[in-house]
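Straight run, no breaks: the sequence shown in the working numbering ends on number 292. This report concerns only the one structure given below.
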Amino acid sequence: MDNSGIEFSLGYENKISKDINYFIKGNFTYAHNKIIFQDEPTSVNPNQRRTGRSINQYFGYQAIGYFNSQAEIDKAPVQQNPVKPGDIRYADIDGRDANGNLTGKPDGKIDGDDVTAIGSTPIPQIIYGISGGFSYKSFDVNFLFQGAAKVNAYLTGELAWPFYNGAKSLVEQADYWTPQNTGAKYPRITDVPTANNIAQSSFWLKDASYLRLKNVQLGYNLFKNALAKLKISAVRFFVSGQNLLTFSKLSVTDPEGPGESGTGFNGNSSRGWFYPQQKVLAVGLNVTF
């Protein structure tokens, strides 16, 4: 393995006057890994080799849209599974000659030789954060944004396919293919997902980048002179919020769920089997004697 990257942080603070202070800080990390050597048979399709790629690289078919008519199906490469209009189309990228050797060229059929590296990995290459604060006399406000980028999530099961395993359909899945809605987010709807549409492919690989307002807090400090007689050194009222805003293309699940932003969007996480981050509003009082 070869691992490389950069990390830096930068901050600035200033006191404008006796009553006004502010600060802002940022941090950024970029990390990339590459498999220098993995013992693989020489017969492995070059498109499917792990050597030279990152850990947890996704592999699957390259989705190239939908079949919009029977005529398109008839003209397309021979399919591995039965298909109908509204099903996902896959790219024919490789095949074999009469001796069974890979040619690196389309062969007019979709099969396991067309599986290739797709997308990035479930481990973000970029992690960053921005925090800041401002105070004026007895008032202060602080915030923290955090985010991740260059990361993919692979959706499966109930999170991807309507009615899978007896589950219901998500609201977003109502945007499915019909002859009048060929630009839909999802393929044609069926009571049981078809083998063609649940094949591992780039269609179900989503951008899991996000930016989240992780925390924001507004506070007010009572004047010390008013507390001296009570032998209290400080009193602070505050209102805070966590996870109030999230900007992400991954709309059907939490991009910061367990495994998504560090150890991999796999297993139960890829099916949405976890309790998501919660929006929390809190009011508090800190008293120091």
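We put the CB at the ideal spot given by N, CA and C, even for glycine.
In DSSP terms, what residue i is bridged to
i       : result
Ser-134 : Lys-28, Leu-147
Tyr-223 : Phe-142, Phe-240
Val-47  : Bridge partners of Val-47: none, in fact.
Glu-10  : Thr-32
Gly-287 : Phe-241
Thr-106 : Answer is none; Thr-106 lacks a bridge partner.
Tyr-278 : The partner list for Tyr-278 (beta bridge, DSSP) is empty, contrary to what the question assumes.
Chain-order list of residues whose beta-carbon lies under 6 Å from that of residue i (same chain, five-residue window excluded)
i       : result
Ala-152 : Ile-129, Ser-212
Gln-245 : Asn-218, Val-283
Gln-280 : Asn-246, Asp-257, Glu-259
Thr-291 : Ser-236, Ala-237
Asn-30  : Ser-12, Gly-132
Pro-182 : none
Lys-252 : Asp-210
Span of the alpha helix (DSSP H) around residue i
i       : result
Ile-301 : This structure cannot speak to residue 301, because the chain is shown only from 4 to 292.
Ile-39  : Premise fails: Ile-39 is in no alpha helix (DSSP H) and is neither H nor E.
Lys-209 : Note, Lys-209: premise wrong, no alpha helix (DSSP H); beta strand (DSSP E) at 208-210.
Ala-198 : Element bounds for Ala-198: n/a, residue is neither H nor E.
Ala-74  : 73-78
When the options are compared against residue i, the one with the closest alpha-carbon
i       : options                           : result
Val-81  : Leu-105, Gly-115, Ile-58          : Gly-115
Ile-76  : Ile-113, Asp-210, Tyr-33          : Ile-113
Arg-1   : Asp-100, Ile-121, Ala-66, Gly-8   : Look at the range of the chain in this structure, 4 to 292, and you will see that residue 1 is not part of it.
Ser-254 : Leu-214, Gly-14, Gln-73           : Leu-214
Trp-207 : Phe-240, Gly-169, Ser-273         : Ser-273
Phe-137 : Ala-285, Val-286, Ser-20, Trp-276 : Ser-20
Glu-10  : Tyr-33, Asp-22, Lys-28, Met-4     : Tyr-33
Thr-193 : Pro-88, Gln-220, Asn-36, Lys-78   : Pro-88
Gly-160 : Gln-149, Leu-173, Asp-110         : Leu-173
Contact with chain B by residue i, beta-carbon distance below 8 Å
i      : result
Pro-49 : Although the question refers to chain B, the structure presented lacks it and comprises just one protein chain.
Same chain only: Cβ atoms within 8 Å of residue i, ignoring 5 sequence neighbours per side
i       : result
Asn-17  : Asn-24, Tyr-25, Phe-26
Asn-199 : Gln-82, Gln-83, Asn-84, Pro-85, Val-86, Asp-90, Ile-91
Cβ-based neighbour list, residue i, same chain, cut-off 7 Å, excluding 5 preceding and 5 following
i       : result
Ser-123 : Lys-153, Val-154, Asn-155
Asp-117 : Tyr-64, Tyr-93, Ala-94, Asp-95, Ile-96, Asp-97
Asp-100 : Thr-106
Asp-178 : Ala-187, Lys-188, Tyr-189
Ile-201 : Trp-164
Where the beta strand (DSSP E) through residue i begins and ends
i       : result
Asp-178 : Looking at the DSSP string, Asp-178 is not in any beta strand (DSSP E), and its letter there is neither H nor E.
Ile-91  : 91-93
Thr-119 : 119-121
Tyr-61  : 61-63
Tyr-157 : 155-157
The ligand MG heavy atom lying under 7 Å from the CB of residue i
i      : result
Gly-98 : With respect to small molecules bound, the structure shown includes none, and the ligand MG cannot be examined in it.
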